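2 protein chains.
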Amino acid sequence: MHRLFYPEVAVVLTARHEAKIGGMPAIWCMPLSFKPALVGVAVSPEHDTYNVINQAKAFAINFMDFRSAKQVAELGDITGKGLNDKLSAVGFSTIEGEATGQPLLQNAEAVLECRFVQVYPTGTHRLIVGEVLIAFANDSFRDYWDFTQYNPILYAGTENTVEQCWVFRSGRGERVTVPMKVQP
Amino acid sequence: MHRLFYPEVAVVLTARHEAKIGGMPAIWCMPLSFKPALVGVAVSPEHDTYNVINQAKAFAINFMDFRSAKQVAELGDITGKGLNDKLSAVGFSTIEGEATGQPLLQNAEAVLECRFVQVYPTGTHRLIVGEVLIAFANDSFRDYWDFTQYNPILYAGTENTVEQCWVFRSGRGERVTVPMKVQP
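Residue numbers (the numbering used here), protein chains in the order written: chain A, -8 to 175; chain B, -8 to 175.
Structure below.
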């Protein structure tokens, strides 16, 4: 049933705990409150990034342009287990967040720096609730996105033609497929 | 910061408790677990529909086509307070859900019938967690949406030109504005 919710904006979660940098694409991510500004992201505890967030007690939500869809897919394709910096492994450069010290993606169109508030168990996943301490966006956002500079990555599932691919659509109706690194 | 998450699919929540039928558009709605199949929807407790769901201990999530964007906006424009059937007030026809007896929108492209599981307080909102008992979708969905028959309603905010309008985008890059009934 979860696929009925597609298309969903694919954000990138990033977090660092000591020398360990984690990151993963997430589509189960949404606001939960205006004031305090709360967001929720449902993550499987099997993901390495879940543990990094849990230990860091902070994380960032990065909104990427459609141009980065392939790179975001690659980030989802690899595991962070055994990697000290999963983000640089797929070519993401980071800067340090002002409010949290967490790694932020340098080419993000918008970023939310979040303090870990609590976690709720939800079946196969855990809902991480964060409070947004700082929000940043490029000039394409004033009150609302005008979608001139920012063209969102909308995750739309997978398809199996010659090989198994991730399917992304853009906010302008474009469609791109990215072959999975590890074919199932 | 919540607007950074746009565009987001606008679903319609529906619920009935005794003679009272409630309904509202929602964009803060996402899956929370594969198995059990859990969904979460963050709703302000000031909404009449929140109370109906809370009393009914069940609700439905309706995925509508872009053709219905205006009607969905109208549903968001009016309050259910003092209305026995908010859905028919804006012209929605309903059928009774098999699993829950809850009202489902007749022209929905997909519907999830949910059992109320619990509610988490999240600042200005309440996160209602539901378990999906039955999921239904039209022929445009097999494993994934192919988006031929179903063209999602993507909420993208408001704009103020001659009058204040809701802004919706479609999955194909179309854009439509719907004047608010009550101008702020």
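No residue lacks a Cβ here, since even glycine has one placed at the ideal position from N, Cα and C. Computed from a predicted structure; not experimentally measured.
Option nearest Met21(A) by Cα separation, candidates Val32(A), Met15(A), Glu89(A), Gln140(A): Position 30 of the first sequence holds residue 21(A). For the residues Val32(A), Met15(A), Glu89(A), Gln140(A), the minimum Cα distance to Met21(A) belongs to Val32(A).
Considering only heavy atoms of the ligand GTP, does any lie closer than 7 Å to the CB of Ile86(B)? Only the bare structure without any ligand can be found here, which leaves the ligand GTP out of the picture.
Contact set between the stretch 9 to 21 of chain A and chain B, restricted to residues whose Cβ is under 9 Å from the partner: For the stretch 9 to 21 of chain A, which is checked against every Cβ of chain B, the residues closer than 9 Å are Ile18, Trp19, Cys20, Met21.
With three or more C-beta pairs closer than 8 Å as the rule, is the stretch 66 to 81 of chain B touching the stretch 104 to 121 of chain B? As far as the Cβ criterion goes, the stretch 104 to 121 of chain B does not touch the stretch 66 to 81 of chain B, which means the pair count is below three.
Of the residues Tyr(-3)(B), His8(B), Met(-8)(B), which one's Cα is nearest the Cα of Pro94(B)? Looking up residue 94(B) in the second sequence gives position 103. Nearest in C-alpha terms to Pro94(B), of all of Tyr(-3)(B), His8(B), Met(-8)(B), is His8(B).
Going by DSSP in three states, Lys61(B) sits in which element: helix, strand or coil? On the second sequence, position 70 is the one that residue 61(B) refers to. Here Lys61(B) carries a helix assignment [DSSP, helix/strand/coil].
Rounded to the nearest angstrom, how far is the Cβ of Val81(A) from that of Gln62(A), given a contact under 8 Å? Locating residue 81(A) in the first sequence gives position 90, where the first residue counts as 1. Locating residue 62(A) in the first sequence gives position 71, where the first residue counts as 1. A Cβ-Cβ separation of about 6 Å places Val81(A) in contact with Gln62(A) under the 8 Å criterion.
Look at the Cβ atom of Pro143(A), then the Cβ atom of Gly162(A), and state whether they are nearer than 8 Å. As a first step, residue 143(A) is located in the first sequence; it is residue number 152 there, counting from the start. As a first step, residue 162(A) is located in the first sequence; it is residue number 171 there, counting from the start. Less than 8 Å separates the beta-carbon of Pro143(A) from that of Gly162(A).
Neighbour list for Tyr111(A) in chain B, Cβ cutoff strictly below 7 Å: On the first sequence, residue 111(A) is found 120 positions in, with the first residue counted as 1. In chain order: Tyr111.
Can you give the Cα-Cα distance for Phe83(B) and Ala6(B), rounded to whole angstroms? By 1-based counting over the second sequence, the position of residue 83(B) is 92. By 1-based counting over the second sequence, the position of residue 6(B) is 15. So the alpha carbons of these two residues sit roughly 13 Å apart.
Any C-beta of chain B under 8 Å from that of Met(-8)(A): The residue labelled residue -8(A) in the question sits at position 1 within the first sequence. Contacts with chain B at 8 Å (Cβ-Cβ) include Met(-8)(A).
Name the one or two DSSP bridge partners that Arg160(A) has. Your numbering for residue 160(A) matches position 169 in the first sequence. DSSP lists Leu145(A), Arg166(A) as partners of Arg160(A).
Per DSSP, which residues does Thr85(A) bridge with? Please list them. As a working mapping, residue 85(A) is identified with position 94 in the first sequence. DSSP, once it has assigned bridges, lists Leu96(A) as partnering Thr85(A).
Can you tell me whether Val119(B) is helix, strand or coil according to DSSP? As a first step, residue 119(B) is located in the second sequence; it is residue number 128 there, counting from the start. The question names Val, yet the displayed sequence has Ile at residue 119(B). In this structure, DSSP gives Ile119(B) an extended state, which the three-state scheme calls strand.
Any chain A beta carbon closer than 8 Å to Phe57(B): Within the second sequence, residue 57(B) is the residue found at index 66, counting from 1. Not closer than 8 Å to any Cβ of chain A, the Cβ of Phe57(B) fails to qualify, so no.
If we define contact as Cβ-Cβ less than 8 Å, is Val169(A) a contact residue for chain B? Within the first sequence, numbered from 1, the residue matching residue 169(A) stands at position 178. Using a Cβ-Cβ cut-off of 8 Å, Val169(A) does not count as an interface residue toward chain B, since no Cβ of chain B sits closer than that to its own.
Let me make sure I understand the geometry here. Which of Leu103(B), Ile12(B), Ala60(B), Met55(B) has the alpha-carbon closest to that of Asn42(B)? For the purposes of this step, residue 42(B) is taken as residue 51 along the second sequence, with counting starting at 1. That would be Ile12(B), whose Cα lies nearest to the Cα of Asn42(B).
Where Tyr41(B) sits in the DSSP three-state scheme: Within the second sequence, the letter at position 50 stands for residue 41(B). Here DSSP, grouped into helix, strand and coil, assigns Tyr41(B) to helix.
Among Val2(B), Arg133(B), Phe50(B), nearest to Gly67(B) - alpha-carbon criterion: In the second sequence, the residue the question calls residue 67(B) occupies position 76. Checking every option, the nearest Cα to that of Gly67(B) belongs to Val2(B).
Whose C-alpha, out of Met55(B), Gln109(B), Tyr146(B), is nearest the C-alpha of Phe127(B)? Within the second sequence, residue 127(B) is the residue found at index 136, counting from 1. For Phe127(B), the nearest C-alpha among the options comes from Met55(B).
Start and end residues, alpha helix (DSSP H) containing Lys77(A): Translated into positions along the first sequence, residue 77(A) becomes position 86. In the DSSP assignment, Lys77(A) falls within the alpha helix (DSSP H) that extends over 77 to 80.
Nearest to Ala64(A) by CA position, among Leu103(A), Glu104(A), Glu154(A), Tyr146(A), is which residue? Position 73 of the first sequence, counted from the first residue, corresponds to residue 64(A). Per the Cα distances, Tyr146(A).
Determine the direct distance from the alpha carbon of Glu89(A) to that of Ala10(A), and round the result to whole angstroms. Working through the first sequence from its first residue, we reach residue 10(A) at position 19. Working through the first sequence from its first residue, we reach residue 89(A) at position 98. Ala10(A) and Glu89(A): Cα-Cα distance of roughly 18 Å.
Would you verify that the beta carbon of Glu54(B) is, or is not, closer than 8 Å to some beta carbon of chain A? Within the second sequence, the letter at position 63 stands for residue 54(B). Reading the sequence as shown, one finds Phe at residue 54(B) and not Glu. For Phe54(B), the nearest CB of chain A lies under 8 Å from its own CB, placing it at the interface with that chain.
Contacting residues, own chain, Cβ-Cβ under 7 Å from Ala47(B) (five flanking each side not counted): Locating residue 47(B) in the second sequence gives position 56, where the first residue counts as 1. When the five nearest sequence neighbours on each side are left out, the beta carbons in the same chain lying within less than 7 Å of the beta carbon of Ala47(B) are those of Ala6, Arg7, His8, Gln93, in order along the chain.
Out of curiosity, what's the CA-to-CA distance linking Glu169(A) and Phe57(A)? For this step, residue 169(A) is matched to residue 178 along the first sequence. For this step, residue 57(A) is matched to residue 66 along the first sequence. Checking the sequence shown, residue 169(A) turns out to be Val, not Glu. Rounded to whole angstroms, Val169(A) to Phe57(A) spans 12 Å at the Cα level.
Report yes or no: is there a C-beta of chain A within less than 8 Å of the C-beta of Arg106(B)? The sequence position of residue 106(B) within the second sequence is 115, counting from 1. At a cut-off of 8 Å between beta carbons, Arg106(B) makes no contact with chain A.
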